[in-house]
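Worksheet for the structure shown next.
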Amino acid sequence: MFNPSLERKAIAVLSGNDGCAIARSAEAKALGVQMGEPAFKLRHYVEKNGLILMSSNFTLYGDLSSRVMSVLATFSPGISVYSIDEAFLDLDGLPLGDMTPWCQEVRATVLRWTGIPISVGVAPTKTLAKLANRMAKRSPRTGGCLDLSGHPEWLQRALKQTPVGDVWGIGRQFAGHCGVAGIRTAWDLTQASDGWVKKAMGAVGLRTVMELRGTAVHALEDGPADKQTTCVSRSFGEAVEDFGQVRDAVVSFATRAAQKIRRDGLVAGGIQAFAHTDRFRQDQPQHILSGTLRFATPTSSTPAIIAAATRLLEANREDGYGYKKAGILLFELVRPEDVPRDLFSSAKDPRPEALMKAVDGLTDRMGRAVIGFGLPAKDAPWRAKSEHRSPNWTTQWEDIPVVKA
DNA sequence: TCTGGGGTCCTAGGACCC
DNA sequence: TCTGGGGTCCTAGGACCC
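Residue 901 in the working numbering sits at position 157 of the first sequence; the count goes up by one each step and never skips.
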């Protein structure tokens, strides 16, 4: 959108630390760039075929995502955002019949107002809507929109054209079980017996099959449920032997995790901190360090979470390894009003909360780098690589594009 | 040299209860 | 010889999703 010269080019977006391909343009797929392929294996495409590699920029993607979602929300009061690039809309109550013109309007509006092309699939269940969407995206004839509701013969043809492994809820293992049983397409799976499905893929698989048969079992939720866990982990730009550096990294991850749960209005009942060596370097000694503790009182206070994380790390400290990744996990997340009262402590100390409120206020107004607990050096060796990063076109004043008169 | 990050749900087995 | 019936909770591991 911001760099039209990239249109129609072979381009892949890399994971964190510029590790491997996590998104590919159609042209990159045509070259043979695989999902999850390590970046160093893509170099020959870059040199021979002009493949363009970009670092991921989730701040930018998140902002554009929320713009798209807010446009979608104008089309149906029942919207459930499923991921950064997908949402389900409840069409109950909308005029029945051919939904295609309506879908075209949704698509055209999102494109016009945000610059993002989307595809739309309509069907009686979420699993079938995902299947319809996939066909709409792949087949130019559909113009990006496919309505499989009220067209039994189209639905059957779509099911027969969809490989079973491309069905939502069928991953590698389940697809393998299906293959052994001679089940190749989504249609084949609808014909399998409940007993076989339950045995091979459990209750989850059975729900997928019900949805393929047209019985909705995945309801459209009103709002997203509260998170149960929040994890912040990163691979390091290079292996780190200085344990102090590992600790610095974990402190910054703890800071970030605390921010995240405060933003979600939650407190954590416990924390796990971990660090491990490079699992791909089997020629080097491997080590996984990990520790868990529960807070006496659930908290979202950055100093409390940092203190716990560093305590766990030091308690499980092992020197002499090259650490390549570390992180922390906050679990037993609950809303503060749901935390049971502590029988033995009297008045709650109001100061940590007030402090975090002040820090969050400053961060919101002036950015994350302005105030913090032990701000790490910008050039710390554990900082992830991000060598092909796009600007934050929509969220940083200095990156906002300027239109020339 | 170089290989991501962040989630959910289910299941089986063990420990416990009356 | 013979040894009940009905539960809950927790955990680790495995499946899936984006």
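The C-beta atom is built at its ideal place from N, Cα and C for all residues, glycine as well.
Contact annotation: H1031 and E1062 have beta-carbon atoms nearer than 8 Å.
Residue pairing of P907 in beta bridges, as defined by DSSP: T929. In the displayed model, M945 falls within a helix according to three-state DSSP. Around F997, the same chain offers V976, G1071 and I1072 as residues with beta carbons nearer than 6 Å, after the five sequence neighbours per side are excluded. Only residues of its own chain outside the window of five on either side were considered, and among them L890 have a CB closer than 8 Å to the CB of S883, listed in chain order.
Counted as a single uninterrupted DSSP element, the stretch harbouring R856 is not any beta strand (DSSP E) but the alpha helix (DSSP H) occupying residues T844 to T858. Going by DSSP, H788 is part of no beta strand (DSSP E) but of the alpha helix (DSSP H) stretching over R787 to N793. Taking C-beta separations shorter than 7 Å and ignoring five residues to either side along the sequence, the partners of L775 in its chain run A754, Y789, N793 and L795, following chain order. Taking 8 Å as the cut-off, the beta carbon of A1128 is found closer than this to the beta carbon of G760.
It is roughly 7 Å from the alpha-carbon of D992 to the alpha-carbon of P1120. Residue burial is scored here from C-beta neighbours: A930 has at least 16 other C-beta atoms within 10 angstroms and is therefore classed as buried. Where Q989 is concerned, the enclosing alpha helix (DSSP H) starts and stops at F987 to R1007.
Counting only the Cα atoms, R957 lies some 57 Å from A1091. Cβ-Cβ distances below 8 Å link Q989 to A1124, P1125 and W1126 in the same chain, with the five nearest sequence neighbours on each side left out; the list follows chain order. As computed with DSSP, Y1067 is found in a beta bridge with V984 and T1021.
Taking the C-beta atoms as reference points, S809 is found no nearer than 8 Å to D834. Under DSSP, F1075 shares a beta bridge with G1014.
In the structure shown, P1029 falls within a coil segment according to DSSP collapsed to helix, strand and coil. Contact annotation: T1138 and L804 have beta-carbon atoms nearer than 8 Å.
Secondary-structure assignment with DSSP links I823 through a beta bridge to L833. In the DSSP assignment, M798 falls within the unbroken beta strand (DSSP E) covering I796 to S799. Within the model, the alpha-carbon separation for D970 versus A1149 is close to 47 Å. Taken through DSSP and simplified to helix, strand or coil, G1035 comes out as strand. Here the alpha carbons of R1000 and E1081 stand approximately 23 Å from one another. Assigned with DSSP and collapsed to three states, S814 falls in helix. DSSP, reduced to helix, strand and coil, places V864 within a strand of the structure shown. For the region 1081-1128, the continuous alpha helix (DSSP H) assignments of 4+ residues that do not extend past its boundaries occur at 1095-1110, in sequence order. Nearest in C-alpha terms to D1108, of all of A902, R1006, L892 and S820, is R1006. For L964, there is no enclosing beta strand (DSSP E), as DSSP marks it with neither H nor E. Annotation: the continuous alpha helix (DSSP H) that includes V924 extends over R916 to V924. Around the C-beta of V984, 16 or more other C-beta atoms lie within 10 Å, and the residue is accordingly described as buried. In this structure N747 does not touch N1136 by the C-beta definition: roughly 13 Å separates them, more than the 8 Å allowed. In the same chain as G1118, and ignoring 5 residues on each side of it, the C-beta atoms closer than 6 Å to its own belong to V995, in chain order. Take the alpha-carbon of M843 and the one of V866: they are about 8 Å apart. Nearest neighbour of L1074 by Cα position, chosen from I1115, A1098, K1004 and G1105, turns out to be K1004.
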